[in-house]
Amino acid sequence: MDNQRNFLLAAVLSLAVVFAWQAFVIQPRIEREREAARIDAERLGGQSKEVGAAQSGTTAPTAGTPTPSTGEPTTGAAGVVPGSQQVQSSSNTEIRVPVKSTALEGTINLRGGRIDDLRLTRYRETVEDNSPVIQFLKPAQNEDGFFAELGWTQDGSNADVPGPTTNWTLAQGNTLTPTTPVTLRYQSSNGLVFNRKIEMDENYMFSFTDTVSNPSAADVVLRSYGRLSRYGEPKTEGIFVLHEGLIGSVVENEVDEIDYSDIRDDKRITKPSSNTGWMGMTDKYWAAALIPGTPFVTNYSYYSQGRPFYQSDFLSQPLTVSAGGEVVVTNRVFAGAKKMELIDGYEQSLSIPLFSNLIDWGWFYFLTKPLFGFMNWVYHLVGNFGVAILIVTVAIKAVFFPLANKSYASMANMKKVQPEMTRIREQFADDRQAQQKAMMELYKKEKINPAAGCWPVLIQIPVFFALYKVIYVTIEMRHAPFFGWIQDLSAPDPTSIFNLFGLLPFEVPLFLMIGVWPLLMGITMFVQMQMNPAPPDPTQQMIFKWMPVVFTFMLATFPAGLVIYWAWNNFLSIIQQGVIMKRQGAKIELWDNLKGMFSKANKTADPG
644 MDNQRNFLLA AVLSLAVVFA WQAFVIQPRI EREREAARID AERLGGQSKE VGAAQSGTTA
704 PTAGTPTPST GEPTTGAAGV VPGSQQVQSS SNTEIRVPVK STALEGTINL RGGRIDDLRL
764 TRYRETVEDN SPVIQFLKPA QNEDGFFAEL GWTQDGSNAD VPGPTTNWTL AQGNTLTPTT
824 PVTLRYQSSN GLVFNRKIEM DENYMFSFTD TVSNPSAADV VLRSYGRLSR YGEPKTEGIF
884 VLHEGLIGSV VENEVDEIDY SDIRDDKRIT KPSSNTGWMG MTDKYWAAAL IPGTPFVTNY
944 SYYSQGRPFY QSDFLSQPLT VSAGGEVVVT NRVFAGAKKM ELIDGYEQSL SIPLFSNLID
1004 WGWFYFLTKP LFGFMNWVYH LVGNFGVAIL IVTVAIKAVF FPLANKSYAS MANMKKVQPE
1064 MTRIREQFAD DRQAQQKAMM ELYKKEKINP AAGCWPVLIQ IPVFFALYKV IYVTIEMRHA
1124 PFFGWIQDLS APDPTSIFNL FGLLPFEVPL FLMIGVWPLL MGITMFVQMQ MNPAPPDPTQ
1184 QMIFKWMPVV FTFMLATFPA GLVIYWAWNN FLSIIQQGVI MKRQGAKIEL WDNLKGMFSK
1244 ANKTADPG
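Quick note, the sequence shown lines up with residues 644 to 1251 if you use my numbering.
Right, here's the structure in full:
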């Protein structure tokens, strides 16, 4: 009995730690972010969102370029190209090329050839239809500037090659779309000609094909580089189940996950030379990554001088452009939503090793990823992620049915020997050791496993954690509606019993936000526990008595999708347990336990 009690206590305490973290750390952060998003929405609502709006501030600092030894490249001449957009800043004239697809819109800055203005048109800040779309990449002049840049350097010289301040000219095309690439051109003072063809797909992958021509009589040795630079302190969830920060894979079968706080301490982490791989930065739902097309060396860095910023970059191995010849290099940039089907598709079609790890599936990826894959497949059949959760729950119950069936059958057998157990407790009321010895002999004689009753709860724990991870990290669950008032399965149930689910006109404090689905979860958990006889151990009695109440308050702060799963799972368990107990001829204790509770309450209220 002690083992059974300790087993159950360990399970409950493990869940309690996660619940407490969600309630006291994550949920307050969510509330702060919602308020910030609301303020941002109001601010953006009063601003023009025309592509090419003037950017304030100065030109982007060039510190941190992976080519510090070469000095600053000279600036080429760039005119206003028909179809491009000219932007007047405080220190220079910017020329921008529009970017447009069903998934993205923004501009490419011809100064540096940067992708530094990118909006994810399929996603909005909030569930409101008029909410601003997600602004992902931003010019370096912004306080939270975030951009991708590709360029060239010539070792050991101040050669005129395209770098951070180079003004490219638009040689072909007006607007970058999935069907219309654009070509940029730069001719250096030493005669080298750089032609850059930029292409994009229907989603979030850009291809930069640089053709370097050398009309001179001497060979030239160059290196290509790429960098993702991010200014300010990125907003992160700060939760242990999710990595946000610098990320990449440049060593075979290894994924680099570097928190912002860690790189601030280390300043720079250099990885060994690699032929294939990728590097970038990831948020909860969005990521940007560089995929080099030639052998390279990778750096993850933090620069604290001036305006602090983080950087993931690569520097290629030397490339020789022979006299009268040319070199062609294709690098790629990913910038967008971390959608599983897309990320996995890029990994396979472009042979990008471990690219699927942009999504943080965790240590138990062998459980979380297949679970979401199955759920996503069901979603495509039914068109609603909430319904998909219900169907997946039924499937999980079916998988664990043999174990649950054996467990409930064991509990039914325990009910049959309940009178004998009562007799033993009365006989050895003053000798606990003898009482437990007699109980164990009874279990052995009747072939009963006293811990079997814990299994229906314990087998839910790994599935619970996997589903928590899936709902928390996957963008597919973000703003996914169910029915009625649940318009975002990744957010808590917005209703509360303390204002009669919105009928009373006042805001309820966060810790009292006990919505409809948490209540249903608590009620079903209570009913399920009352179907069994009261455990003989006082500690267990206390746990079973208060567990539904504690779980109701704690789960109220969890994503609604997870609470729906738990409530629906409890409901199915009640039906399953009732059928099995009836087949075993065991008495269902629900009504007797409820009557006992009310009779105790009446005795307490009326001692006379």
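Cβ atoms here follow ideal geometry from the backbone N, Cα and C, with glycine treated the same way.
Backbone secondary structure at residue i - three-state DSSP
{"i": "Pro1161", "result": "helix"}
{"i": "Trp1257", "result": "Nothing about residue 1257 can be reported from this structure: the residues present for the chain run from 644 to 1251 only."}
{"i": "Gly749", "result": "strand"}
{"i": "Val1151", "result": "coil"}
{"i": "Asn785", "result": "coil"}
{"i": "Arg1066", "result": "helix"}
{"i": "Thr973", "result": "strand"}
{"i": "Glu895", "result": "coil"}
{"i": "Asn773", "result": "coil"}
{"i": "Arg1121", "result": "coil"}
{"i": "Gly719", "result": "In this prediction, Gly719 scores a pLDDT of 29, lower than 50, which makes its location untrustworthy; the coordinate-derived value is nonetheless stated afterwards. Coil at Gly719, not helix or strand."}
{"i": "Leu985", "result": "helix"}
{"i": "Leu827", "result": "strand"}
{"i": "Gly1016", "result": "helix"}
{"i": "Thr1195", "result": "helix"}
{"i": "Leu889", "result": "strand"}
{"i": "Leu1046", "result": "helix"}
{"i": "Val884", "result": "coil"}
{"i": "Trp921", "result": "strand"}
Cα-Cα separation, residue i to residue j
{"i": "Ala684", "j": "Phe1108", "result": "For Ala684, the pLDDT reaches just 46, beneath the cut-off of 50, and the residue's location in the model is therefore unreliable, leaving the point undetermined."}
{"i": "Ala1123", "j": "Leu1162", "result": "21 Å"}
{"i": "Leu835", "j": "Val964", "result": "10 Å"}
{"i": "Arg739", "j": "Glu845", "result": "21 Å"}
{"i": "Arg640", "j": "Asn1142", "result": "In the structure as shown, the chain starts at 644 and stops at 1251, and residue 640 therefore has no counterpart that could be examined."}
{"i": "Phe1187", "j": "Lys1080", "result": "24 Å"}
{"i": "Gln1173", "j": "Ile1223", "result": "16 Å"}
{"i": "Thr826", "j": "Leu819", "result": "9 Å"}
{"i": "Met922", "j": "Phe779", "result": "17 Å"}
{"i": "Thr913", "j": "Pro961", "result": "18 Å"}
{"i": "Val1021", "j": "Gly988", "result": "19 Å"}
{"i": "Tyr829", "j": "Tyr903", "result": "35 Å"}
{"i": "Ser994", "j": "Asn896", "result": "14 Å"}
{"i": "Phe1043", "j": "Tyr874", "result": "49 Å"}
{"i": "Trp811", "j": "Gly756", "result": "7 Å"}
{"i": "Trp934", "j": "Ala1210", "result": "Checking the sequence, you will find Ile at residue 934 rather than Trp. Taking the straight line joining both Cα atoms gives about 44 Å."}
{"i": "Thr822", "j": "Arg765", "result": "19 Å"}
{"i": "Asn1056", "j": "Lys1049", "result": "11 Å"}
{"i": "Pro996", "j": "Phe957", "result": "16 Å"}
{"i": "Gly700", "j": "Val1151", "result": "Low confidence applies to Gly700: its pLDDT is 32, below 50, so where it sits in the model is not reliable enough to give any reading."}
Which residues DSSP lists as bridging residue i, in chain order
{"i": "Glu842", "result": "Ser850"}
{"i": "Ser999", "result": "DSSP output for Ser999 lists no bridge partner at all."}
{"i": "Asn810", "result": "Arg754"}
{"i": "Tyr874", "result": "Phe952"}
{"i": "Val742", "result": "Gly749 and Leu819"}
{"i": "Tyr868", "result": "Gly794 and Leu958"}
{"i": "Ala978", "result": "Ala931"}
{"i": "Leu835", "result": "For Leu835, which the question treats as bridged, DSSP gives no partner whatsoever."}
{"i": "Glu900", "result": "Ile890"}
Assigned exposure category for residue i - 16 Cβ within 10 Å defines buried
{"i": "Lys982", "result": "buried"}
{"i": "Pro716", "result": "In this prediction, Pro716 scores a pLDDT of 30, lower than 50, which makes its location untrustworthy; no coordinate-derived value is stated."}
{"i": "Lys1012", "result": "buried"}
{"i": "Thr796", "result": "buried"}
{"i": "Leu1155", "result": "exposed"}
{"i": "His886", "result": "buried"}
{"i": "Met1120", "result": "buried"}
{"i": "Ile682", "result": "Because the pLDDT at Ile682 is just 48, under 50, the model does not fix this residue reliably, and the value given afterwards should be weighed accordingly. Ile682 should be labelled exposed."}
{"i": "Gly1005", "result": "buried"}
{"i": "Asn918", "result": "exposed"}
{"i": "Met1185", "result": "exposed"}
Segment limits, alpha helix (DSSP H) that includes residue i
{"i": "Ile1039", "result": "Phe1028 to Val1042"}
{"i": "Leu958", "result": "Taken as a continuous stretch (DSSP letters only), Leu958 belongs to no alpha helix (DSSP H), being part of the beta strand (DSSP E) at Phe952 to Ser959."}
{"i": "Lys1080", "result": "Arg1075 to Glu1089"}
{"i": "Leu1205", "result": "Ala1203 to Arg1226"}
{"i": "Gly968", "result": "Premise fails: Gly968 is in no alpha helix (DSSP H) and is neither H nor E."}
{"i": "Phe1141", "result": "Phe1141 -> no alpha helix (DSSP H), and no H or E assigned at all."}
Where the beta strand (DSSP E) containing residue i begins and where it ends
{"i": "Pro915", "result": "Arg911 to Ser917"}
{"i": "Ser944", "result": "Phe939 to Tyr946"}
The ligand COA heavy atom lying under 7 Å from the CB of residue i
{"i": "Ala1134", "result": "For the structure depicted, the ligand COA is absent and the ligand set is empty, with no information on it obtainable."}
Min CB distance residue i to chain D below 8 Å
{"i": "Asp987", "result": "Here there is only one protein chain, and chain D is not present."}
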